[in-house]
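Chemist: The structure's right below; bear with me while I get my questions together.
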């Protein structure tokens, strides 16, 4: 009888623990869509050989369609970002744009030409380096709607390969990628606020 009672008590404790964990997970998932927005909700930065792989997420309090419209105008970056001095549309064909940027990253000037491929049906934007002396970049923005469709979780995944073959401190590379994401996000938010005004 005592063994059966202990087994039942143990089962109840395990069940209560499981329910507690599930409750915590559900509240954490709901909290991701509510409250103040940090520029970076989560980040992963991992280096293997000469390639840094990153993933950043952020929440935008507008629907996916608005975010996609703002992302579809990278040539407006100089209007929207304090760190971009020049952004020029080189070519636009179908769902693909090639844009040249002159910008400042970690206080240093950098010139880069990137190709953007817009996939609105998939809520994705692909990007890759066409020309840059320091880094070869390949990445994507993935847009996930909130359950009510009023907010967007923006996920940026990228691989950046050091083309110089000079030893660059990992902390510096991570800081550059983090700063580039935050500056892009600020410009995107500025573009989104411009959409709301027009």
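Numbering (my numbering), first residue to last: 10 to 207. Every residue, glycine too, gets a C-beta built ideally from N, C-alpha and C.
#1: According to DSSP, what are the bridge partners of residue 185?
#2: In angstroms with no decimal places, state the Cα-to-Cα distance between residue 44 and residue 70.
#3: Flag this pair as touching only if the region 168 to 178 and the region 89 to 96 have three or more C-beta atom pairs under 8 Å; answer yes or no.
#4: Check whether the Cβ atoms of residue 144 and residue 152 lie closer than 7 Å to each other.
#5: Restricting to runs no shorter than 3 residues, where is the beta strand (DSSP E) found entirely within the region 83 to 140?
#6: Give a yes or no on contact between the region 107 to 118 and the region 127 to 138, applying the rule of three or more CB pairs nearer than 8 Å.
#7: Looking only at its own chain, which residues have a Cβ that is under 6 Å from the Cβ of residue 183, when we skip the five neighbours before and after it?
#8: Within its chain, find whatever has a CB closer than 8 Å to the CB of residue 47; leave out the 5 residues flanking it on each side and keep chain order.
#9: Checking 7 Å against the spacing of the C-beta atoms, do residue 147 and residue 60 come in under that value?
#10: Kindly indicate which residue of 199, 194, 75 and 99 has the alpha-carbon position closest to the one of residue 84.
#11: Out of curiosity, what's the CA-to-CA distance linking residue 65 and residue 106?
Modeler: Reading it off the structure:
#1: BP columns for residue 185 are empty, so no partner.
#2: Note that residue 44 scores a pLDDT of 49, beneath 50, so its modelled location is shaky; the value from the coordinates is reported in the next line. Taking the straight line joining both Cα atoms gives about 10 Å.
#3: no
#4: no
#5: 93 to 102, 105 to 114, 117 to 128 and 133 to 140
#6: no
#7: 54
#8: 67
#9: no
#10: 99
#11: 23 Å
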